[in-house]
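Going by our numbering, the sequence shown opens with residue 6, and the numbers climb by one from there. C-beta: ideal position from N, C-alpha, C; glycine also. All remarks here apply to the structure that follows.
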Amino acid sequence: MSENIYDLAHSLDRGIRDTAEFKDLQDAYQKVNEDKEAKAKFDHFREVQVNIQEKQMSGQEIDDETVELAQKVAEEVQKNEHILRLMEKEQAMSTIINDLNRIIMAPLQDLYNTSEEK
6 MSENIYDLAH SLDRGIRDTA EFKDLQDAYQ KVNEDKEAKA KFDHFREVQV NIQEKQMSGQ
66 EIDDETVELA QKVAEEVQKN EHILRLMEKE QAMSTIINDL NRIIMAPLQD LYNTSEEK
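In structure tokens form, the structure reads like this:
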């Protein structure tokens, strides 16, 4: 392979940034940031998400109070049209990232599938 794998990764980075989905995501994020109420709700939502993820990663149990807070905050953000649009655009980008991950992981899957057949 004549091209450096990291150069390919940087090319992929640029390609992602050029997609309509990424540009739509940027636009949706900008709209959330321009709306003070939406930004405050979104920041709180992300804070709660990060807190839960940190607890899960450290093996801590998620208590009922945290679950209730997460549900309440999720309901609140879903009432905001800017945040709802942002979440929809995040989902579209997530689909692309998942597809890319499947493609990137294909050589390993092929390797393991081939070696299992022997």
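Minimum Cα-Cα distance from Val55 among the listed residues Ala75, Asp69, Arg90 corresponds to Ala75. Counting C-beta pairs closer than 8 Å gives fewer than three between the region 47 to 62 and the region 9 to 27, which falls short of the contact rule. With fewer than 16 other CB atoms across the displayed protein chains lying within 10 angstroms of its CB, His15 is exposed. For secondary structure counted as the alpha helix (DSSP H) over 4 or more consecutive residues, the region 13 to 84 holds these complete runs in sequence order: 25 to 39, 41 to 62, 69 to 83. Contact between the region 23 to 42 and the region 103 to 122 is absent, with fewer than three C-beta pairs closer than 8 Å. Per the coordinates, the alpha-carbon of Tyr11 lies some 30 Å from the alpha-carbon of Met92.
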